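Participant: Just passing along the structure, written as structure tokens.
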Amino acid sequence: MVELRLYLAQRISAVIMAPLVLVHLGVMIYAIQGGVSADEILARTRGSLLWGGFYGLFVIAAAVHAAIGLRNILSEWLHLRGLLLSGLCWLIGFALLAAGLRAVAAVVGGS
Amino acid sequence: MQVSDHIQVKVWRGDASGGSFAEFEVPQQPAQTVLDVVTWIQRHADSSLSYRFACRVGMCGSCAMMVNGIPRWTCRTHVNKVLQDNHLTIEPLRNLPVIKDLACDMSEFFDKWKRAEGQFSGTQTRAQAVAAISPGEPARRAANAAIECINCAICYAACDVVNWNPDYLGPAALNRAWSLQNDSRDRRHGERLQAVSADGGCLSCHSQQGCASYCPNELNPTASIAGLKKMAAGAFMKKKYRDRHG
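Sequence order for the protein chains is A and B. Under the working numbering, the letters of the first sequence match residues 2 to 112, in that order. Under the working numbering, the letters of the second sequence match residues 6 to 251, in that order.
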């Protein structure tokens with residue numbers, strides 16, 4: 002049953018990420034047309050619930066998706082099993098989540 | 006097409022503990038199959054060569070070997086179709102333990118078939134009338150699409166996931182499970198779905214389609230496995246919903 006839960010979590014996180022990636026790339030290409038500075042970006046993102054929510058969700062989905070994907074690779078290529086495999090998978094997931102949420106906080110929070 | 010009088014053949018010789026290639030020069034014949042080549046070597050060059058075959062017409066599935074790195078039925082492979090610079094390399098099937106030379110131990114292949122609940126379990130006795138099944142029903146069509154497998158293990162040899170994960174059930178066993186999941190006369194759909202969605206089951210498939218590319222019967226085990234994944238995910242969601250809403 003664990004396998005099935007992981008399988009579904011990875012598919013659902015992919016479905017969440019697909020439109021987010023498109024919006025992320027689209028906005029980036031659109032916003033950069035006339036040249037844009039870090040200050041201009043921060044002026045738009047700071048205090049914005051919308052961008053905070055958007056990238057917060059992105060980070061959560063990416064952490065879930067990548068951790069499960071790497072779990073499969075670690076299991077197939079390095080033949081890791083059991084606690085070591087699960088432990089590494091959780092560690093990778095939390096590391097990605099922490100790094101991502103820290104970046105979101107830096108872009109959205111502050112003054 | 007007669008390229009030369011003789012072909013150069015490298016045949017893997019050895020057992021589970023290891024081995025190496027032996028080289029033979031085999032006279033070329035018109036319409037010669039790879040199985041003919043192996044048979045010629047055993048009869049005329051080295052009678053100690055071990056290999057397996059039975060029907061010679063692509064029905065039994067026992068003569069599969071790696072021919073120039075690709076899994077094939079040797080009885081249905083013409084030499085002139087696969088010859089590379091007048092050379093042939095013949096090895097035992099990949100992903101299976103070797104017994105001797107070109108003969109593999111198929112035990113794990115069939116054990117996995119059983120682990121995937123590959124046996125049919127009927128609901129009726131012989132005293133009852135034959136079940137009426139419309140050939141046009143979507144489930145019957147799905148079962149029919151997967152049913153022509155003769156368990157030659159070519160898909161199993163072609164599969165990289167089997168190579169990486171020895172617990173993986175493999176394309177043939179899962180394809181068989183899919184045909185039974187679509188058979189309305191079978192009564193073990195629930196047990197089988199659990200068996201094939203456990204660790205090493207259908208969810209491990211990467212959809213690389215090596216199985217479908219090399220299946221001599223042109224079956225598509227990848228599609229069968231995708232069907233099982235969908236069925237397992239659907240059953241899981243339905244169960245969650247039922248548990249929550251009664």
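All residues carry an ideal CB built from backbone N, CA and C; glycine is no exception. This structure is a prediction, so every number in the text was calculated from the model and none was measured.
To the nearest angstrom, how far is it from the Cα of B/N73 to the Cα of B/L107?
Facilitator: 14 angstroms
Participant: DSSP has B/G123 in a bridge; who is on the other side?
Facilitator: None; B/G123 has no bridge partner.
Participant: Would you mind stating whether B/V39 and B/V103 have Cβ atoms separated by less than 8 angstroms?
Facilitator: no
Participant: Under 8 angstroms between the Cβ atoms of B/L98 and B/A158?
Facilitator: yes
Participant: Against B/L208, what residues of chain A qualify as contacts under a CB-to-CB distance less than 9 angstroms, listed in chain order?
Facilitator: E4, L5, L7, Y8
Participant: Smallest Cα separation from B/M252: which of B/V14, B/A147, B/V201?
Facilitator: Only positions 6 to 251 of chain B appear in the structure, and residue 252 of chain B is not among them; the question remains open.
Participant: Quick one, which residues of the segment 62–85 of chain A are near chain B if we go by CB-CB under 9 angstroms, in chain order?
Facilitator: N73, S76, E77, W78, H80
Participant: Is the distance from the Cβ of B/W183 to the Cβ of B/I95 below 8 angstroms?
Facilitator: For B/W183 and B/I95, no; Cβs fall outside 8 angstroms.
Participant: From B/N187 to B/L54, what does the alpha carbon distance come to, in whole angstroms?
Facilitator: Straight across, the Cα-Cα distance linking B/N187 with B/L54 is about 43 angstroms.
Participant: Mind pulling the beta strand (DSSP E) runs of 3 or more residues that sit fully within the segment 9–97 of chain A?
Facilitator: none
Participant: Tell me whether the beta-carbon of B/P221 lies closer than 8 angstroms to the beta-carbon of B/G23.
Facilitator: no
Participant: Buried or exposed for B/S202, going by 16 or more other Cβ atoms inside 10 Å?
Facilitator: buried
Participant: Taking the runs of the alpha helix (DSSP H) that are 4 residues or longer, which of them lie wholly in the segment 94–176 of chain B?
Facilitator: Counting whole runs of 4 or more residues, the segment 94–176 of chain B contains the alpha helix (DSSP H) stretches 112–120, 143–151, 159–163, 165–169.
Participant: Tell me the DSSP secondary structure of B/F241 in three-state form.
Facilitator: helix
Participant: Should B/Y173 go down as buried or exposed, given a rule of 16 or more other Cβ atoms within 10 Å for buried?
Facilitator: buried
Participant: Which residues bound the beta strand (DSSP E) around B/H11?
Facilitator: 11–20
Participant: Quick check: B/N180 and B/L224, are their CB atoms within less than 8 angstroms of each other?
Facilitator: yes
Participant: Just tell me which of B/T130, B/G66, B/S229, B/Q33 has its CA closest to the CA of B/A144.
Facilitator: That would be B/S229, whose Cα lies nearest to the Cα of B/A144.
Participant: Rounded to a whole number of angstroms, what is the C-alpha to C-alpha distance between B/C68 and B/T130?
Facilitator: 37 angstroms
Participant: With 8 angstroms set as the bound, which would you pick, yes or no: does the beta-carbon of B/S229 sit closer than that to a beta-carbon of chain A?
Facilitator: By the rule that beta-carbons nearer than 8 angstroms mark a contact, B/S229 does not touch chain A.
Participant: Which residues mark the beginning and the end of the alpha helix (DSSP H) in which B/E223 is found?
Facilitator: Neither: B/E223 is in no alpha helix (DSSP H) and is coded neither H nor E.
Participant: If we count the other Cβ atoms within 10 Å of its Cβ and call it buried at 16 or more, is A/L92 buried or exposed?
Facilitator: When all chains shown are included, A/L92 counts as exposed.
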